[in-house]
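Novice: Numbering (the numbering used here), first residue to last: 52 to 193.
Glycine included, each C-beta is placed from N, C-alpha and C at the ideal position.
Predicted model only: the values in this text are computed from it and were never measured.
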Amino acid sequence: MASRIAYIPREEPPKRRPAKRADYISFIHELPCVVTGRYGVQAAHVSFANTWHGHFGRGKGTKAPDRFALPLIAEEHALQHSGKLGTEQAYWLAKGVDPHELANTLWGIFCDYDRAEAVVRCTARINQGLALAGRLRERIEQ
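1) In the DSSP assignment, find the unbroken beta strand (DSSP E) run with Pro-122 in it and report its ends.
2) Have a look at Phe-78 and Ala-94 and give me their C-alpha separation to the nearest angstrom.
3) Do the CB positions of Ala-169 and Ile-177 come within less than 8 Å of each other?
4) Based on DSSP bridge pairs, tell me the residues matched to Val-92.
5) Quick one: residues in its chain with C-beta nearer than 6 Å to the C-beta of Tyr-90, no 5 flanking neighbours on either side, listed in chain order?
6) Quick one: is Val-148 buried, meaning 16 or more other Cβ sit within 10 Å of its Cβ, or exposed?
7) My output table needs one value for Thr-174: the three-state DSSP class, helix, strand or coil.
8) Could you spell out where the alpha helix (DSSP H) holding Trp-103 opens and where it closes?
Here it is, written out as structure tokens:
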């Protein structure tokens, strides 16, 4: 009797490109950097796929969906793409950040609250991550 190969369905990436969200990108610019806590950030898109979090990777010549953008200062954004720490995945691992989880958290807060409250809540979440990693900036009292 011949063996039968079972059909295993595979997750197919969505066919249409995700819409760009200029309002979310401008919101990201109001937040502190997720690695240093400093302000004056750029929107850094997470490029590598993680289907568990709904990220199917980038298509040819396209950016990742805007919901997977995180606030990084220019130096960290350049380091993320430089390859000096290996892959982009290795960069985030070295920084102690789960980029997909954090991006989904920030996106959820942005969608659920008005802008002012969302900035406060996202900043608090970023600061929690910085504190856990031992990188929370101290307040300078004057």
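Specialist: Taking the coordinates as given:
1) For the purposes of this step, residue 122 is taken as the residue at position 71 of the sequence shown. 120 to 124 is the extent of the beta strand (DSSP E) around Pro-122.
2) Here the question's residue 78 lines up with position 27 in the sequence shown. Here the question's residue 94 lines up with position 43 in the sequence shown. Cα-Cα distance, rounded: 9 Å.
3) Sequence index remark: in the sequence shown, residue 169 carries index 118 (1-based). Sequence index remark: in the sequence shown, residue 177 carries index 126 (1-based). Remark: C-beta atoms of Ala-169 and Ile-177 do not approach each other more closely than 8 Å.
4) Position 41 of the sequence shown, counting from 1, holds the residue named residue 92. Residue pairing by DSSP puts Val-92 in a beta bridge opposite Ile-124.
5) Translated into positions along the sequence shown, residue 90 becomes position 39. Around Tyr-90: Pro-83.
6) The residue given as residue 148 occupies position 97 in the sequence shown. Flag for Val-148 reads buried.
7) Here residue 174 is taken as the residue at index 123 of the sequence shown, counted from 1. Note: Thr-174 maps to helix in three-state DSSP.
8) For the purposes of this step, residue 103 is taken as the residue at position 52 of the sequence shown. Segment: none, Trp-103 is in no alpha helix (DSSP H) and carries neither H nor E.
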